[in-house]
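Chains as they are written, first to last, in our numbering: chain Z, 1 to 446; chain V, 1 to 445.
No residue lacks a Cβ here, since even glycine has one placed at the ideal position from N, Cα and C.
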Amino acid sequence: MNMSGDVRYYDVRHVKGQTTHIDIDNRVIESAGTSFFSTAVIRVLGPSGWGILTIDNYTSPEGKKFELLLKSAASLAHITTEPVTLADAPHGVLAVPPMKEDPRSVSLEEKTGILGEIESSARLPGIVNTRATYIERAEQVSFVDSSANEYSFEICRSGFNIMAVASREGIVQMGYERLHSIHGLNIRHQQKMGRLAGERALSLIDAKAAAGGTMDAILDPELAGVFAHEAVGHASEGDLVHEGNSVLSGKIGERIGSSLITIVDDPSLDEFGFDPVDAEGVRVGRTKIIDRGIIGSYLHNRETLASVGQGDAGHARAMPGEPPLVRMSNTFIEEGDSTLDEMLEGINRGIILYGSRGGQVDPGRGVFQFNAEYGFLIEKGEQKGMVRDVSLSGEILSTLHSIEMCGKERKMSQGYCGKGGQSVPVSDGAPYIMLRNAVVGGSGTE
Amino acid sequence: MRWWVAVAQNETISTDELSGLVDTIIRAGELLVEEIEVYIAGGESVSAELKKTKIGVATGSKSLGLGIRTIDHGRIGSSGTNDPLAWRKCLDAAVSSGTLATPQEWGGLPGPAGQEQPLLSFDPEVRVEAGIAEEAINEMLKGAAEFPVQVMSGSSDLSTGFLHLANSNGICYSTKKSMVSVSLEAISDQSTGYEFDQSVRMSVDPENVGKKAAFFAHHNRSGADIKTGNYLLVLSPMAMAQLLGNVFIPAVNGRNVHAGRSKLAQSLGQEVADTSISIYDDPFRIFGPGSTWWDAEGVPTRHIDIIKDGILNEFLYDLKSGYRYGKQSTGSALRSGYGGLPGIGYHNLVFDGPRCNIWDEPAIYVHDVVGAHTANPMSGDFSVEISNPSWIENGTFGKPIRKAMYAGNVFDLLKEIDGIAKGERIIGSMVLPEVRLGGQRIIGT
């Protein structure tokens, strides 16, 4: 391909595939079916910035037709004024881990039956609604750029969510469990997850609303993982750092937290956020964002590596048909050496929080918020009454200093992360961590 | 029909091929199932994105998707594809999906109703051109320059789209949509400010958006701490939209109501809000973002009083939940894209009541909230971080507050309305005023 002076670089990322979805709501199979997609993003780097085309039903045109598309993208780039350059970064593709059982080899009928068993196992006495959903997404990704880098791979993600709702005397509460994987069909023999959701909903009926205030808090591995993701991960994304939208901007080499804390993002890890190569064809690997309390690296794509520096490219990710953004993948706090008992012993009055209903961050202001599924009050080192609807908010820079203990065993949880209107699969994880003087939110009073 | 023109701009398929496609799919489907519905959505858009004060990215998009729904002996199947020429595979997938679905009471897809109506949510003045997006960006920057702040990011989007809905009972509807939106985010020290505007027409005010984002970033620079306690709060339309959208809307969805997932399930006819409050769906609002004469399955839309003078009056139903629970569809079926089954939603949700001056006494202003999606949709409980918390003093913005968490319950706050401001703004497909609430819980530092 001959490139005109208006085109310094181009790449094409074409994703096609199919999505299978099953929804069972109170025994009723509401839907069980498959949809198909094929969509592409063509990016052209013009004299200044990017011109991007997103095209549904892309048919990989060649010759003149392809040149016309490049021209069309290049003409969009004419309105850009930001001088964009791309850093060199190593290319390469990892093998996609093999699946134990390819979900596509199991009939929709059989999968619906298995999901129905999970759904019915949540239906305990006192439960008024159970709903199970299964999602399976197979993507065939192909990439080519103007430097003759080319790759293609196929990946299939699948998993399920189970929700149970309990209701008594006007109080309605829910329990929720989920499990998603890149390692193949994961819905067999999971009835225990249904029971867990049912039991949680029932116990939350009797839980009290948490009283907000400042107190010591222990976060379970799932919530501590969300903390790493919301409080640190987003603020380390190179595009936000470049825009000045991060409190971590200009802080490389500075101590921003307790020396117990090391936070890593690693898309090469065989977890739900795995990518064999990033969305710009760059090799993926481990980036240590915080190393024993000191900020070490930002997460980058090629553009932000060139403009900001101090970190690694290989963190560009995209939903099918969307332009790549700097994103997290598998983000976690590394293990420490404390036990949960030691953490509890150190708290006179506090709270232990379990599970996550998600979170959000304002990275420029440096304020985050996330919500636990449930918790228990701690009095003199012992777990007491259950509390519901409890959240935690804080300022990134002060909260990282208040981490006083870090547990021995890390656990990863799967989810989806939203940014710029795009949702990508991620995993977060951590061991138990203990925070001093955390701001805990809840609508209850003492 | 005008919508074919938009389809023809996608170069992978010709106008002639598409013009007969819908009929062909319906004829093929009728041989396999009792009823079939075909939904085609597409459009084009252009956007410009700011990186600090310069445009870094300009994006053009062309989208097209085909959705098929089949009904046979009460079994509902569906599939979707964005390759309309692969419709046969899509039809087969829809039919096969229907064989697995649990059969339910079904009284048929609707037939045609009434004359062709004028477009409600489309302005032919909206042109999808990069130069117009660029102009809006420059106006926003001009507005932002009124305060000493740094612009972090911003965007300007223009889009037009078409929808076509046809079924085996003779419905063949088409409509067009347009949308213009602008947003800007600025920072001063560690104080961030975000603002946006959207409209079906070329009526957004980019300069004002830039100015307001910059104002909030500048205003909140040196906030003071606040003590935990109960306060009078003024929620902006943006904050209201987040709390209502995450909790109240799911609770009036007919399917959730009958499935045991709504706290309001037993409250029909009861007082669930301050008696001055009405919340209704107005699908016929001129230039409303969600305005439409028919819903996503061809049922004529209508005005729905969800809450009237504080009394819970009506829940929202689509055909499926209506037939299942012995209710009439309220014309509330919506699709978020071409694939999957339609769900239940609102077209233009309006929050209304007697208006007054709510800036006449000291209160905490809530510009936006962080984390509303973590609210408990069953109980309504939430605890969120406030963006740009500030005191209202002497009828204007007073001292800023550094950090404040707001904990409450969405169902309770509907009863704690202390006043509704004059004016309103459109947030997504909601039409909302500023609202003042008494005795709200703030967790300070």
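Roughly how many whole angstroms lie between the Cα atoms of residue i and residue j?
| i | j | result |
| --- | --- | --- |
| P97 of chain Z | H183 of chain Z | 7 Å |
| I263 of chain Z | A73 of chain Z | 38 Å |
| G98 of chain V | V93 of chain Z | 40 Å |
| A444 of chain V | H218 of chain V | Correcting the residue type first, residue 444 of chain V is Gly in the shown sequence and not Ala. Roughly 21 Å between the two C-alpha positions. |
| N10 of chain V | L68 of chain Z | The predicted model places N10 of chain V with a pLDDT of 44, which falls under 50 and marks its position as unreliable; any figure quoted below should be read in that light. Between N10 of chain V and L68 of chain Z, the C-alpha separation is close to 13 Å. |
| R255 of chain Z | L397 of chain Z | 10 Å |
| G407 of chain Z | E177 of chain Z | 23 Å |
| R2 of chain V | N57 of chain Z | Bear in mind that the predicted position of R2 of chain V carries a pLDDT of just 29, short of 50, making it too unreliable to give a figure here. |
| M99 of chain Z | H300 of chain Z | 29 Å |
| Y134 of chain Z | E109 of chain Z | 12 Å |
| Q104 of chain V | L432 of chain V | 37 Å |
| R436 of chain V | S222 of chain V | 25 Å |
| I286 of chain V | N348 of chain V | 10 Å |
| D281 of chain V | Y298 of chain Z | 46 Å |
| I171 of chain Z | M193 of chain Z | 23 Å |
| G17 of chain Z | P425 of chain Z | 16 Å |
| H446 of chain V | A372 of chain V | Nothing in the structure corresponds to residue 446 of chain V, since chain V is present only between 1 and 445. |
| I76 of chain V | G340 of chain V | 11 Å |
Using beta carbons (cut-off 8 Å, strictly below), is residue i in contact with chain Z?
| i | result |
| --- | --- |
| M179 of chain V | no |
| G326 of chain V | no |
| R2 of chain V | Legend: pLDDT at R2 of chain V = 29, less than 50; position of this residue unreliable, value from coordinates given subsequently. No, because no Cβ of chain Z sits closer than 8 Å to the Cβ of R2 of chain V. |
| F134 of chain V | Before going on, a small fix: residue 134 of chain V reads as Glu here, not Phe. Yes, because at least one Cβ of chain Z sits closer than 8 Å to the Cβ of E134 of chain V. |
| K403 of chain V | yes |
| T374 of chain V | yes |
| V57 of chain V | yes |
| N82 of chain V | yes |
| M152 of chain V | yes |
| K51 of chain V | yes |
| R302 of chain V | no |
| A259 of chain V | yes |
| I443 of chain V | yes |
| E385 of chain V | yes |
| S61 of chain V | yes |
| N169 of chain V | no |
Please state if the CB of residue j and the CB of residue i are separated by a distance shorter than 8 Å.
| i | j | result |
| --- | --- | --- |
| F272 of chain Z | H189 of chain Z | no |
| G311 of chain Z | I261 of chain Z | no |
| G444 of chain Z | K208 of chain Z | yes |
| T54 of chain Z | V41 of chain Z | yes |
| R286 of chain Z | C417 of chain Z | no |
| A87 of chain Z | R302 of chain Z | yes |
| M238 of chain V | L184 of chain V | no |
| A296 of chain V | P342 of chain V | yes |
| A122 of chain Z | R195 of chain Z | yes |
| L312 of chain V | G345 of chain V | no |
Using a beta-carbon distance below 8 Å, is residue i in contact with chain V?
| i | result |
| --- | --- |
| F37 of chain Z | yes |
| H242 of chain Z | yes |
| Y10 of chain Z | no |
| V84 of chain Z | yes |
| A55 of chain Z | The sequence given here places Ile at residue 55 of chain Z; Ala does not occur at that position. Yes, because at least one Cβ of chain V sits closer than 8 Å to the Cβ of I55 of chain Z. |
| D25 of chain Z | yes |
| N129 of chain Z | yes |
| S391 of chain Z | yes |
| V466 of chain Z | Only positions 1 to 446 of chain Z appear in this structure, which leaves residue 466 of chain Z out of reach. |
| I79 of chain Z | yes |
| Q369 of chain Z | yes |
| V15 of chain Z | no |
| I449 of chain Z | The structure shown has nothing for residue 449 of chain Z, since chain Z only spans 1 to 446. |
Between the stretch 224-241 of chain Z and the stretch 354-373 of chain Z, do at least 3 Cβ pairs fall closer than 8 Å? Counting Cβ pairs under 8 Å, three or more are found: they touch.
Between the stretch 49-62 of chain V and the stretch 242-249 of chain Z, do three or more beta carbon pairs fall short of 8 Å? The answer is yes - the stretch 242-249 of chain Z touches the stretch 49-62 of chain V, with three or more Cβ pairs under 8 Å.
Is it the case that the stretch 229-244 of chain V contacts the stretch 157-165 of chain V, given that we only count it when at least three CB pairs across the two stretches are under 8 Å? The stretch 157-165 of chain V vs the stretch 229-244 of chain V: no contact.
Given 8 Å as the limit, is there contact between the stretch 272-288 of chain Z and the stretch 19-37 of chain V, that is, 3 or more CB pairs closer than that? Judged by Cβ distances under 8 Å, the stretch 272-288 of chain Z makes no contact with the stretch 19-37 of chain V, as fewer than three pairs qualify.
To be precise: take each residue of the stretch 166-178 of chain Z, compare its Cβ to all Cβ atoms of chain V, and keep it if any distance is under 8 Å. Which residues remain? Along the stretch 166-178 of chain Z, the positions whose C-beta sits under 8 Å from a C-beta of chain V are S167, G170, I171, V172, Q173, M174, read in chain order.
Taking any Cβ of chain Z, which residues in the stretch 423-434 of chain V have a Cβ under 8 Å from it, in chain order? Of all residues in the stretch 423-434 of chain V, none has a Cβ within less than 8 Å of some Cβ in chain Z.
Is the number of C-beta pairs between the stretch 328-345 of chain Z and the stretch 421-436 of chain Z that are closer than 8 Å three or more? Yes, they touch.
According to a CB-to-CB cut-off of less than 8 Å, which residues of the stretch 182-208 of chain V neighbour chain B? Of the protein chains in the structure, Z and V, none is chain B.
For the 8 Å Cβ check, are there 3 or more pairs between the stretch 326-336 of chain V and the stretch 351-371 of chain V? Output reads no: the stretch 351-371 of chain V does not touch the stretch 326-336 of chain V.
Identify each residue in the stretch 332-362 of chain Z for which the Cβ-Cβ distance to at least one residue of chain V is less than 8 Å, and report them in chain order. Per Cβ criterion, the list reads R357, G358, G359, Q360, V361, D362.
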